[in-house]
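Under UniProt numbering, the first residue of the sequence shown carries the number 1, and numbering increases by one thereafter.
Okay, structure first, notes after.
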Amino acid sequence: MDQTSSSQRFSPRGLIQIPLYAVAVTDPDEEIFLLYTRLASVKPADGSSMEPFRGLGYVDSKTDTLSVRLEISPPLSDVAASPVAKKSSNGRSKKARGKPKKVEPKVLEIELFQDGTALRSRKGDTGSVLWRASVEFAQLFLLQYHFPDSCTLFNPESIMKAHIIELGAGTGLLSVVLGPLVRRYTSTDLPDLIPLIRKNISHIPAKPSSSLTPHTIRAEALDWTLPADRQLSSSVLSDPPDLILVVDCIYHPSLVTPLIDTLTSLAVPHHTSVIVVAELRAEDVMTAFIEGWVSRDGWRVWNVGGEQTDGIMGPRYGIWVGWRENHSFEE
């Protein structure tokens, strides 16, 4: 892996900032070795299991309604650095470095519908219940959106103007959280899951002050094993995605090549950024995905998860940003 240079700081359209700690993925074997070595070093801080692998990662598959609470507090460094304005003896306002101004956390409470029965009765159905990775990525996104700093991945101004397509959206939590913050959000998954996603989208609270219209957030069926241009609506296809999200969809070897094919089909060179978040489970599956993605002609991929002990989402996750710089010879 190579450290990024100062000239490679942003993804196309300035949507994603590539942090200084990010590394370009050029050696898949080294990438996987470092990720799983860090994962193996996980130690519990609360007396819980020493096992670093947590299975598939459902939040709670036994209920059909979940209450999800996202509380976003500013980083402690930001709070400590916040100056307090007070008046001097001549009446002018000046900034004091005494007691910092209190910044209230932002709280988002969501009632999310899921389908535990489908999980147990439909073969291969894993998207009908909420996964931890979606909750933790939503936390990260909201933190960086509301309290950006020098290491923030997302450019809030660019994100607000973006069309985001999510692959493998599952219950649609991210469409509920991110959708109201962007120009257009398209959740996609297998046809059986679309009614559930639409149900959750329909319960997004209306915001009178928002300029977004109801059709800004929508769900469409997309099977990765079939050509995307034969499945998505013309309105989606005519509005190329600025960002494609793939959050915790890499767990079965049979899906690796179809996922890479779909990413390559939807990503417009020099335009579309891709963020892939994966909880680290089967090492062979992750190896196959990284090898396949990096070797696909035209792609550039960076590890943006951070090499520090915890990473920006913790040691259990890999996070990558990628985009295409030219058309693949395979197209």
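All residues carry an ideal CB built from backbone N, CA and C; glycine is no exception.
Sequence-distant residues of its chain with Cβ nearer than 6 Å to residue i (five each side left out)
i: S238; result: none
i: S265; result: A228
i: P74; result: V103, F147
Own chain partners of residue i with C-beta closer than 8 Å, once the 5 adjacent residues on each side are dropped
i: T287; result: P28, D29, I32
i: A169; result: G127, S175, S187, T188, D189, L193, I197, A219
i: P191; result: A221, D223
i: S134; result: G170, T171, L173, L174, V247, D248
i: V25; result: M1, E31, I290, V294, V301, W302, N303, W320
Buried versus exposed, by CB contacts within 10 Å (16 or more), residue i
i: L39; result: buried
i: D242; result: buried
i: A81; result: With a pLDDT of 48 at A81, under the threshold of 50, the modelled position of this residue cannot be trusted; read the value that follows with caution. With fewer than 16 Cβ atoms within 10 Å of its Cβ, A81 is classed as exposed.
i: E136; result: buried
i: E104; result: exposed
i: P315; result: buried
i: residue 343; result: Coverage of the chain is limited to positions 1 through 331, which leaves residue 343 absent and any answer about it impossible.
i: S234; result: exposed
i: L112; result: buried
i: E71; result: exposed
i: E166; result: buried
i: V107; result: exposed
i: E109; result: exposed
i: P19; result: buried
i: L226; result: exposed
Residues that DSSP places opposite residue i in a beta bridge
i: T186; result: I165, R218
i: G318; result: A278
i: E109; result: R69
i: L245; result: E166, I275
i: Y10; result: First, the residue type needs correcting, since residue 10 is Phe and not Tyr in the sequence shown. Q17, per the DSSP bridge assignment.
Endpoints, the alpha helix (DSSP H) within which residue i is located
i: K199; result: 194–202
i: R300; result: It is not in any alpha helix (DSSP H) - R300 instead sits in the beta strand (DSSP E) that spans 299–303.
i: V294; result: 283–295
i: E136; result: 132–146
Close beta carbons around residue i, own chain, < 7 Å, minus the five adjacent residues each side
i: E325; result: P269, H270, G298, R300
i: A278; result: D248, I250, M286, Y317, G318
Notebook entry, point to check: Do the segment 152–167 and the segment 175–185 make contact, defined as three or more Cβ pairs closer than 8 Å?
Noted result: yes
Check: Does the segment 288–295 come close enough to the segment 247–259 to have 3 or more Cβ pairs within less than 8 Å?
Finding: Three or more beta-carbon pairs drawn from the segment 288–295 and the segment 247–259 are found closer than 8 Å, and the two stretches are therefore classed as touching.
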